[in-house]
Structures are given as C-alpha cells and as structure tokens.
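Peer 1: Protein chains in written order, with our numbering: chain A, 1 to 153; chain B, 1001 to 1153. Quick reminder that beta carbons are idealized off the backbone N, C-alpha and C, glycines included. Right, I'll just put the structure down here and ask away after.
Protein chains: 2
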Amino acid sequence: MQVEFINPFLESIVHVLETMADVKATPGKPQRKEEDTAQGDVTGVIGMASEQAKGSLAITFSSAAIFDIARRMLGEEVTEINNTVTDLVGEITNMVTGGAKRGLAEQGYDFDMAIPAVIAGKNHRISHKSNGMKIIIPFSIIAGKFYVEVCFE
Amino acid sequence: MQVEFINPFLESIVHVLETMADVKATPGKPQRKEEDTAQGDVTGVIGMASEQAKGSLAITFSSAAIFDIARRMLGEEVTEINNTVTDLVGEITNMVTGGAKRGLAEQGYDFDMAIPAVIAGKNHRISHKSNGMKIIIPFSIIAGKFYVEVCFE
C-alpha cells in the first residue's frame, strides 16, 4: 500500500469534519498497526473493493470526541452512544469514503462502495483481515481522539 | 429484501461449521431487527456490493460459542479473544460469504467481495446503516449462541 493511497482518506476526514462540524482535526503520524491496539467506543467500518485493490476502512471514535462532533453537527447534547450517534458515525464514514473515492479515482482506482456498519461498545478493538499492511492514523480534536485505520491488499 | 436472499447465508454458515468444526448449528426464526439488540463478544463484518444490491453481513459470536468452535477447528484451547480467535472469525466470515456468493450468483446477483474486519470487545453491538430491512437470525450450537445479521438495500 502506497502513501498516496492513504492521503485521500486523511484529506477527506479533515474536510468532512471541518465543513460539517466546524472542527479542526489534526492528524498524527501514520503508523503501521502491529497489534490491535486502537480502542474506541464507536466505530464505522466499511469494506471497499475495486478490480485493483480491496480492503477495509475503520474510523474509531472515543466517546468524548464523538459527543463533541454530535453537538456541533446536530446541535444536540448527547451523553451516551445511542442510535443518534451510531447514525452519525455511519454518515461520517459514508462521507469520508465518498470523498476518498473521488481522490482514489484520480489515481485510477475505481471502487464500488459498500454500506458501512457501525459498532458500539466500550473499548472494542478492530482487526482488519487482509494480507495488506494495516495503517493507523491517530487524529486529535480539542475534545478528544479518534483513529482512522486503512488496510488494503 | 427477499427470503431467497437470506437462505444462501444460512445454508453457508451451517455448511461451514459442519464441515470445518464438526458442529451442528441450528437456526432460529429470522427476525426483523428493530433495535440494535444482538450483543456478542466478537464479530466478523463484511460489506458486499453488486450492481443490483449492496449491504453488509455480520456474524456475532458469544465467547462460549467461538471458544468451542476454535477448539474444534484448531484443536487449541482458547480462553480469551486473542488474535487466534479474531483470525478464525475473519476466516469463517470469508468462507460464509464466499459460499453465499455462489448461491446468490445462481439468483443473478454477482457480488464483489470485500475483506472482512473483525471486532472484539465485551457486549458490543452492531448497527447496519443501509435503508434496507435488517434481518437477524439467531443460531444455537451446544456450547452457546451466535447471530447472523444481514442488511441489504
């Protein structure tokens, strides 16, 4: 997996959060994910397939981060991971992959998009099951942390 | 979503567990999933897209069920949801969707398969984010329960 492959996802999440939630998200250094270390409270996960590559993307939010994003995007105080929050995470995941898809198409990758699923549960962790390298990119917003994980083969 | 659409998944999981783990899995009545009620300890989730339909599939295992399946398939006692277990759940999810894909092709649905992701964490729950009906099928094996969730639009 090339760095050029990851950039469309990074640019897309920063853009989505800036335009939809007026939140500035600062990416940390992309890391190779050796263990299933990233833990979060709610995760959007989506599989992506093209003729040239296939894999999966996950966006894992801490409660603090997603509650802040929900407040900003929906104008609603949320204090638990309810259907409002899982819907929001599904929508964010769709918007991020939709944006990344355009960037990837410019690189010649034409992905069919599948529907995201959202997982809720305290401190769950994600394993991507492809033979490709797993890259995890930590992000910070003022309210908390979230993680983007990309794995393609 | 038609019942005919679900049957290939049911037949495939029963077949996979019977041939790979010598476990007889008994399906319960398929139910419309109104709430995100099914909880489990480890879940394989995969997105599927064809020209005619797209959606997602999740297979959620209780610890008791997957530990028994691991013992039978791998000949190994496992007592925690470690990488061995998440690899196994990823493989089972791949085999089940691979088998279902053949049955769906006979019905004229030609799916690209994406890579599964596996989620581990006590009592997590899954939300499928498509506009289609969500169907959950409970299964019993002697050691415990697991659930297959299918959502297509």
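(1) Taking A:V30 as the query, report the chain B residues whose CB atoms sit under 9 Å from its CB, ordered along the chain.
(2) Could you give the C-beta distance for B:H1128 and A:G121, rounded to a whole number, given that I count them as a contact under 8 Å?
(3) Can you list the residues of chain A that B:K1054 reaches, using a CB-CB cut of under 9 Å?
(4) Three or more C-beta pairs closer than 8 Å, one from the segment 1040–1051 of chain B and one from the segment 1108–1120 of chain B: is that the case here?
(5) Count the other CB atoms within 10 Å of the CB of A:G160; is the residue buried (16 or more) or exposed (fewer)?
(6) Candidates B:E1076, B:G1090 and B:M1133: which alpha carbon is nearest B:A1114's?
(7) Determine, using beta carbons only, whether B:I1142 and B:V1014 come nearer to each other than 9 Å.
(8) To which residues of the same chain is B:N1094 closer than 7 Å at the C-beta, ignoring the five residues directly before and after it?
(9) What is the rounded straight-line gap between the Cα of A:P8 and the Cα of A:F152?
(10) Within 9 Å of any Cβ in chain B, is that where the Cβ of A:A120 sits?
(11) If the cut is a Cβ gap below 7 Å, which residues of chain B does A:V154 touch?
(12) Any Cβ of chain B within less than 9 Å of the Cβ of A:K24?
(13) Using a Cβ-Cβ cutoff of 7 Å, what residues of the segment 123–142 of chain A are near chain B? List them in chain order.
(14) So, is the C-beta of A:D87 closer than 9 Å to a C-beta in chain B?
(15) Can you tell me whether DSSP reads A:I81 as helix, strand or coil?
(16) Who are the Cβ neighbours of A:M73 in its own chain at under 6 Å, not counting the five residues just before and after it?
(17) For A:I135, tell me which candidate among A:K29, A:A105 and A:G47 has the shortest Cα-Cα distance.
(18) Does chain B have any CB closer than 9 Å to the CB of A:T93?
(19) Strictly under 9 Å for the Cβ-Cβ distance: is A:G90 near chain B by that measure?
(20) Within the 9 Å Cβ cut-off, does B:Q1107 reach chain A?
(21) What does DSSP give as the partner residue(s) for B:R1032 in the beta ladder?
(22) Which two residues bound the contiguous beta strand (DSSP E) that contains A:D41?
(23) Pull up the CB-CB distance for A:V85 and A:A65, whole angstroms please, since I reckon it's below 8 Å.
(24) Where does A:T79 land, buried or exposed, given buried means 16+ other C-beta within 10 angstroms?
Peer 2: By the coordinates alone:
(1) One detail in the question is off: residue 30 of chain A reads as Pro in this sequence, not Val. Per Cβ cutoff of 9 Å: no residues; A:P30 is ~18 Å from chain B at best.
(2) In this structure, B:H1128 and A:G121 do not form a Cβ contact; the two beta carbons are roughly 15 Å apart against a cut-off of 8 Å.
(3) D112, M113, A114 and I115
(4) yes
(5) This structure gives no information on residue 160 of chain A, because the portion of chain A shown stretches from 1 to 153.
(6) Among B:E1076, B:G1090 and B:M1133, the Cα nearest to that of B:A1114 is on B:G1090.
(7) The answer is no: Cβ separation not under 9 Å.
(8) For B:N1094, where only same-chain residues beyond five positions count, the Cβ hits under 7 Å are P1116.
(9) 14 Å
(10) yes
(11) Chain A is shown only over 1 to 153; residue 154 of chain A falls outside these bounds and no answer can be derived.
(12) no
(13) Residues of the segment 123–142 of chain A with a C-beta atom less than 7 Å from some C-beta of chain B are N123, H124, R125, I126, S127, H128, K129 and S130, listed in chain order.
(14) Yes, contact with chain B.
(15) coil
(16) M20 and A21
(17) A:K29
(18) yes
(19) yes
(20) no
(21) B:I1135
(22) Q39 to A49
(23) Their Cβ separation, rounded to whole angstroms, is 11 Å, which puts A:V85 and A:A65 out of contact at 8 Å.
(24) exposed
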